[in-house]
Amino acid sequence: MNVTTDVQLPAAGVDLDRETRFWDRIAIRYERKPVPDEAVYQKKLDLTRQYFRPDTEVLEIGCGTGSTAIAHAPYVKHIRAVDFSSKMLEIARHKAAADGVTNVSFERANIDALQVADGALDVVLALSVLHLLDDRDRAIADIHRMLKPGGVFVSSTACLGNTMRWFKVVAPIGKRLGIIPLVKVFTVAELCDSLRAAGFELTHEWQPGKGKAVFIVARKAGSDAALAEVSA
Ligand SMILES: C[S@@+](CC[C@H](N)C(=O)[O-])C[C@H]1O[C@@H](n2cnc3c(N)ncnc32)[C@H](O)[C@@H]1O
46 MNVTTDVQLP
56 AAGVDLDRET
66 RFWDRIAIRY
76 ERKPVPDEAV
86 YQKKLDLTRQ
96 YFRPDTEVLE
106 IGCGTGSTAI
116 AHAPYVKHIR
126 AVDFSSKMLE
136 IARHKAAADG
146 VTNVSFERAN
156 IDALQVADGA
166 LDVVLALSVL
176 HLLDDRDRAI
186 ADIHRMLKPG
196 GVFVSSTACL
206 GNTMRWFKVV
216 APIGKRLGII
226 PLVKVFTVAE
236 LCDSLRAAGF
246 ELTHEWQPGK
256 GKAVFIVARK
266 AGSDAALAEV
276 SA
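Just add 45 to wherever you are in the sequence shown, counting from 1, and you've got our numbering.
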């Protein structure tokens with residue numbers, strides 16, 4: 046397995062140590078928790094794989110314990126899977142080694158400080174993570190920059206603004222008590238607006254039920270040739 050060296054986490058507007066400690070603390074429990082709806086999870090995997098080819102270069106942000114990266118590994122060239130929780134990554138690396146997966150690099154990094162060249166990636170994945178970022182617009186703009194013309198951004202996001210707007214009030218209290226991590230409350234429409242504002246065209250939007258995470262495939266515009274190549 047290609048495991049890169051952990052990188053220094055630069056300072057940011059949020060207390061990264063505190064956030065990281067939260068995810069480190071729950072890593073084992075997170076790994077043991079069953080997927081809430083296996084059929085929905087499998088459908089999201091299938092939908093994502095429509096955008097994969099054997100030479101696809103993928104970045105997964107907030108990869109957690111690596112289940113999705115490991116599941117997708119046979120369908121792509123390489124997945125750079127990043128997370129700032131070393132405990133999550135420890136579990137991910139063990140699982141990848143146990144499964145004999147050699148084309149996923151698990152790397153400790155803060156999503157807000159990722160070093161990726163412009164237009165380097167075919168696909169970026171963000172699963173259950175956009176609502177955990179301090180500035181989703183900046184993250185989405187960065188992802189747009191990192192993608193090749195015609196590249197796709199696949200996300201699945203808890204948009205609490207539609208069904209749990211009240212959470213906006215309790216979230217800062219829960220965070221201060223260390224019960225929950227940083228959580229941002231926004232609606233599906235606000236997320237779609239953020240994606241379009243960054244220059245993405247939304248090609249697939251699926252919410253499996255009221256209050257469920259919304260699955261979105263967003264494409265970066267490209268030349269006709271690049272688009273034809275991606276969809277071939
Ligand atoms: C809800 S978990 C989702 C994990 C995985 N994507 C999944 O679908 O199971 C969120 C993950 O994002 C990571 N995370 C949150 N904010 C991050 C940041 N700013 N930089 C890197 N990782 C972050 C957490 O450590 C955690 O592993």
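Glycine included, every Cβ here is placed at the ideal spot set by N, Cα and C. Keep in mind it's a predicted model, so treat the numbers as computed, not measured.
For Ala158 and Thr110, the rounded distance between their alpha carbons | The straight-line gap separating the alpha-carbon atoms of Thr110 and Ala158 is approximately 20 Å.
If Val262 sits next to Val169, beta carbons under 8 Å apart, how far is it from one beta carbon to the other, in whole angstroms?
-> Between Val262 and Val169 a beta carbon distance of about 11 Å is seen, past the 8 Å cut, so the two are scored as non-contacting.
Check whether the Cβ atoms of Phe97 and Tyr120 sit closer than 8 Å, and answer yes or no.
-> Cβ atoms of Phe97 and Tyr120: closer than 8 Å.
Per-residue DSSP class, three states only, for Asp128 = strand
With distances taken from CA atoms, which of Lys132, Ile188, Ser131 and Glu83 is nearest Thr113?
-> Glu83
Find out if the Cβ-Cβ distance for the pair Leu12, Arg181 is shorter than 8 Å.
-> The question about residue 12 has no answer here: the residues shown for the chain are numbered 46 through 277.
Presumed contact (8 Å Cβ cut-off) between Gly206 and Glu235, rounded CB distance = 6 Å
Are the Cβ atoms of Lys140 and Ile124 separated by less than 8 Å?
-> Going by beta carbons, Lys140 and Ile124 fall outside the 8 Å limit.
Same chain, Cβ closer than 8 Å to Phe212, neighbours up to 5 away in sequence not counted | Leu205, Val228 and Val230
Taking all protein chains shown into account, decide if Asp187 is buried (16 or more other Cβ within 10 angstroms of its Cβ) or exposed.
-> buried
Measure the beta-carbon distance from Pro217 to Lys265 and round it to whole angstroms, keeping in mind my assumption that it falls under 8 Å.
-> Not confirmed; about 34 Å, so no contact.
Taking the beta strand (DSSP E) that Trp251 falls in, what are its first and last residues?
-> Per DSSP, Trp251 belongs to the beta strand (DSSP E) from Phe245 to Trp251.
Three-state secondary structure (DSSP) of Ser201 | strand
Flag Cys237 as yes when its Cβ comes closer than 7 Å to any non-hydrogen atom of ligand 1, and as no otherwise.
-> no
Mind checking whether the beta-carbon of Ile224 lies closer than 7 Å to any heavy atom of ligand 1?
-> no
Do the CB positions of Glu102 and Asp60 come within less than 8 Å of each other?
-> no
Report the rounded CA-to-CA distance for Glu64 versus Arg77, giving the unit in angstroms.
-> 20 Å
When every heavy atom of ligand 1 is checked, does at least one fall within less than 7 Å of the C-beta of Gly107?
-> Yes; taking the cut-off as 7 Å, the Cβ of Gly107 has a heavy atom of ligand 1 nearer than that.
Using 7 Å as the cut-off, classify the Cβ of Leu178 as near or not near the heavy atoms of ligand 1, replying yes or no.
-> yes
Indicate the three-state DSSP secondary structure (helix, strand or coil) for Ile224 in the structure shown.
-> coil
Can you give me the Cβ contacts of Ala243 inside the same chain, cut-off strictly under 8 Å, excluding the 5 residues immediately before and after it?
-> Asp182, Ile185, Ala186, Ile188 and His189
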